[in-house]
Amino acid sequence: MTMKGIKCFVLAVQVFLSCNMVSAHTKGEDTESIDSSIFDFSVDIMKVVAKNEGMNIQENIFMSPTNIFRASLLVYAATSSNSRAQLEKALYMDCISTDTINKYLSKTKDNSGTLLEAERFYVDKSVNVKKQYKEIVSNSLKKVDMNGEPSKVIDEVNNFVNNVTNGMIPEVLEESFIPGGKSIFISAIYFKSNWDKLFGKGYHCETNII
């Protein structure tokens, strides 16, 4: 199989997995439009990855378009004017109501089994968050003191990601990090599971595959 063929195969598998995850997350007529948006968004992301000429062909890439979509959706809900229009186009969110967005986010909150997803929106205490947005982000919103206690903010962000990923990503912000804005948005995902049909111990060994 050629490298081009391999890329096409990876693209097909990724999109297929994304569709399965969407179906598992969102069942109901009220979220069918979200399903379509996620599918189109996932295809766009994989096209960009496949066309990235600077990517080392010997590298492996593991990503979740649905997680990126969900995180972007929370940001989209807080935007207006030109920023909202740009995100709406990228996420294929035209003609999708706020109520539908709320239902989708509420249906994908529960983490179970070996897949964990979580988002956290850290906002400076000086920012007045609108009530309607608070209802959308729910427990994902956390007020912090960006300027007065930056070290505490760094610890909170790192601890959050460390917990969600079961210690696999202990740090995303270095101690020298200085918040330059009024908010920090973090999205983390963790997945670990056994194969549906395990290989016998005598049929595998540790080695470099590339």
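Numbering (mature numbering (1 follows the signal peptide of the UniProt record, and there is no 0)) for the sequence shown: -24 to -1, 1 to 186.
C-beta: ideal position from N, C-alpha, C; glycine also.
- Below 8 Å, too few C-beta pairs join the stretch 11 to 31 and the stretch 145 to 163 to call them touching: fewer than three.
- Taking every protein chain shown into account, the CB of E151 has fewer than 16 other CB atoms within 10 angstroms, so this residue is exposed.
- Looking at the DSSP output, F167 sits in a beta bridge with L91.
- Each residue's CA atom was taken as its position, placing L81 and S48 some 12 Å apart.
- Rounded to whole angstroms, S9 and I72 show a C-alpha spacing of 7 Å.
- Below 8 Å, too few C-beta pairs join the stretch 167 to 183 and the stretch 102 to 120 to call them touching: fewer than three.
- About 19 Å separates the CB atoms of I165 and S13; that is not less than 8 Å, and the two are not in contact.
- Here DSSP, grouped into helix, strand and coil, assigns D121 to coil.
- In the assembly as shown, I154 is an exposed residue. Its beta-carbon has fewer than 16 other beta-carbons within 10 Å.
- For T55, there is no enclosing alpha helix (DSSP H), since its DSSP letter is neither H nor E.
- Pairing I162 with V133 gives a Cβ-Cβ distance under 8 Å.
- With a contact defined as Cβ atoms closer than 8 Å, Y98 and K118 qualify at about 5 Å.
- In terms of Cβ geometry, F45 and L67 form a close pair [threshold 8 Å].
- One alpha carbon belongs to N43, the other to G157, and they sit about 24 Å apart.
- Distance between Q62 and F15, taken at the CA atoms: about 18 Å.
- In the DSSP annotation of this structure, the continuous segment of the alpha helix (DSSP H) that includes P126 starts and ends at 126 to 140.
- Less than 8 Å separates the beta-carbon of V113 from that of L50.
- Taken through DSSP and simplified to helix, strand or coil, F15 comes out as helix.
- Rounded to the nearest whole angstrom, the CA to CA distance from N123 to V140 is 26 Å.
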